[in-house]
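Here the structure is laid out as structure tokens; the discussion comes afterwards.
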Amino acid sequence: MLGNLQHSILFIVWINMAQLGGKEEQEKTTALKDLLSRIDLDELMKKDEPPFNFPNNLEEFEYAFNEKGQLRHIKTGDPFVFNYREDLHRWNQKRYEALGEIITNHVYELLEKECNMKKEILPVDATDDEPKSFIYLTEDALSNPDKLLVLIHGSGVVRAGQWARRLIINEDLDSGTQIPFIKRAVEEGYGVIVLNPNENYIEVEKTKKQTEPSPDSSDEPAEKRERKDEKETKKRRDFYEKYRNPQQERETEQIPIRENSSPEEHAVYVWDNFISKSSAKNIFFVAHSYGGLSFVELMIQREAEVKSKVCAVALTDSVHNVWHQEAGKSILEWMQEHCCNWVSSAEPLDTAVETMLPDCTRVSAGTERHELTSWKSFHSIFKYFTDAIEAQNCEAKPTTTVTTRSANRIKHEEL
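In case it helps, mature numbering (1 follows the signal peptide of the UniProt record, and there is no 0) puts the sequence shown at residues -22 to -1, 1 to 393.
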């Protein structure tokens, strides 16, 4: 059906071109070739799209989170529907992305209001007119003398406080956000820092630049040649835009945020300016997906500091690769002792999973869904941290107890 539609469209275009009287044959051929090279069925369908004008908040979208943290339609109570308009996938995708931006701001509000976290601007010495990012900290994040928890999400559209946007929209806030981790950590006496590794640049609208004339070996004056090229280009553009007519999206360019232009750079920057300056005796990390790669990169760049301050690291379906990242032997040995990776698997939760990489223990997260691994391993992770503290305390105890037992055993044998 789509093939017939495309052929019909091409036939109509050919007829219309044939009806253009008074045009030179070469000009028509050039215009036709240009049009056919650019024709795309999706593009042709864009002229029927509604405008990309979407609501700015959940209320206008007619959605709200219920008492279970599930996103539901205010009137019908139904979950979010992606295919709001049939056969308009691009429009539906744009609508989904617009809702995603609203969700991101909603999670920021929850971090501040429900979790009592404060926003810290990055870089710390940023000027008023330069691009900025931010992270979130609890009030005692740097002053807590006992424990500090650092949360790092994966790559993509997620921002501070999220594990997976898809889970927030289609499942609930508990599975898709870091809020349960933050609340439990606070209850157990941790300070908390939430990283924002995907906020690496700001987008600004591109300024229109004059089109450079194409090289020409003729003897025409440059100014005349430029006017001619510009006229021909506009003529061809107007011709096929008559049939294509897509919605115009503004063109943007990215301006990187100083010292935070990548997830790896962000992790190192936050370590240098915040985590390493904390008073906590024991620091813990939870890093999901690409966040695990960022942690390994942090270890490579700040090995001695990380070893001296970090007690344990919980990875959830981490995509790090110690071979590709060229982690040294000393890092591998430390990771084997201090890291555990809860990976997507059909095996029951905490079941050991075989691996070819010689870096850290791998256990099942109790789910085969990558984005759910953090939530499914939630309780196991905090138990892992508690066990790590207890093991560390046991190692730190004086050896007099062992000596006494040995002495008592010798005395008993003598008797």
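In this text, a Cβ means the ideal position worked out from N, Cα and C, and glycines have one as well. Fair warning: this is a prediction, and the values are worked out from it, not measured in the lab.
For Tyr74, which three-state DSSP category applies?
-> helix
Under the three-state reduction of DSSP, which class applies to Glu231: helix, strand or coil?
-> strand
What first and last residue would you give for the alpha helix (DSSP H) that runs through Asn34?
-> Careful: Asn34 lies outside any alpha helix (DSSP H) and carries neither H nor E.
Which term fits Lys62, buried or exposed, when burial requires 16 or more other beta carbons within 10 angstroms of its beta carbon?
-> The sequence given here has Tyr at residue 62, not Lys. It counts as exposed.
Residues that DSSP places opposite Ala330 in a beta bridge = Val341
How would you write the range of the alpha helix (DSSP H) that Lys46 sits in, first residue to last?
-> Run containing Lys46: none; DSSP gives neither H nor E here.
Pick out the complete beta strand (DSSP E) segments inside the segment 264 to 317, 3 residues or longer, and give them in chain order.
-> 288 to 294
In the DSSP assignment, find the beta strand (DSSP E) that holds Glu165 and state where it starts and stops.
-> Counting along the chain, Glu165 falls outside any beta strand (DSSP E), though it belongs to the alpha helix (DSSP H) covering 157 to 165.
Enclosing beta strand (DSSP E) for residue 436 [first to last residue] = Only positions -22 to 393 of the chain appear in this structure, which leaves residue 436 out of reach.
Quick one: give me the first and last residue of the alpha helix (DSSP H) that Tyr247 is part of.
-> 241 to 251
Spatial distance of Ala330 from Arg340 (CA atoms) | 6 Å
Inter-residue spacing [alpha-carbon to alpha-carbon] between Trp353 and Gly132 = 14 Å
Tell me the start and end of each unbroken beta strand (DSSP E) in the segment 116 to 148 that is at least 3 residues and wholly inside, in chain order.
-> 125 to 130
Among the residues of its own chain, which have a CB less than 7 Å from the CB of Val135, if the five just before and after it don't count?
-> Gly78, Arg143
For residue 431, three-class secondary structure by DSSP = This structure cannot settle anything about residue 431, because the visible part of the chain is limited to -22 through 393.
Local Cβ density within 10 Å of Ser121, reported as buried at 16 or more and exposed below that = exposed
Exposed unless 16 or more other CB atoms sit within 10 angstroms - verdict on Cys317 = buried
Please list, in chain order, all residues of the same chain as Phe363 whose beta carbon is under 6 Å from its beta carbon, the five residues on each side excluded.
-> Phe262, Ala290
Between which two residues does the alpha helix (DSSP H) carrying Lys354 extend?
-> 351 to 354
Nearest to Lys285 (by Cα), restricted to the options Gln303, Glu311, Trp301 = Glu311
Can you tell me the Cα-Cα spacing of Glu40 and Glu27, whole angstroms?
-> 21 Å
Round the Cβ separation of Met95 and Tyr114 to the nearest angstrom and send it over; I've been treating them as touching at under 8 Å.
-> 4 Å
Can you check DSSP and say which residues form a bridge with Asn260?
-> Lys125
Using only the heavy atoms of the ligand HEM, determine whether one of them is closer than 7 Å to the beta carbon of Asp365.
-> In the structure on display, the ligand HEM does not appear, and there are no ligands present to speak of.
Opening and closing residue of the beta strand (DSSP E) in which Leu100 lies | 96 to 100
Per-residue DSSP class, three states only, for Tyr62 | coil
Sort Ser342, Arg50, Ser272, Pro326 by Cα distance to residue 396 and report the nearest one.
-> The structure shown has nothing for residue 396, since the chain only spans -22 to 393.
Who pairs with Trp320 in a beta bridge, going by DSSP?
-> Thr294, Val341
Return helix, strand or coil for Ile180, following the three-state DSSP convention.
-> strand
State yes or no: is the C-beta of Leu151 within less than 8 Å of the C-beta of Val264?
-> no
Please determine, among Phe58, Asp365, Glu98, the residue with the shortest C-alpha to C-alpha distance to Asn251.
-> Glu98
Out of curiosity, what's the CA-to-CA distance linking Arg236 and Ala138?
-> 18 Å
How would you label Lys361, buried or exposed, when you count the other beta carbons within 10 angstroms and need 16 or more for buried?
-> exposed
Quick one: using the 10 Å Cβ neighbour count with 16 as the cut-off for buried, is Trp141 buried or exposed?
-> buried
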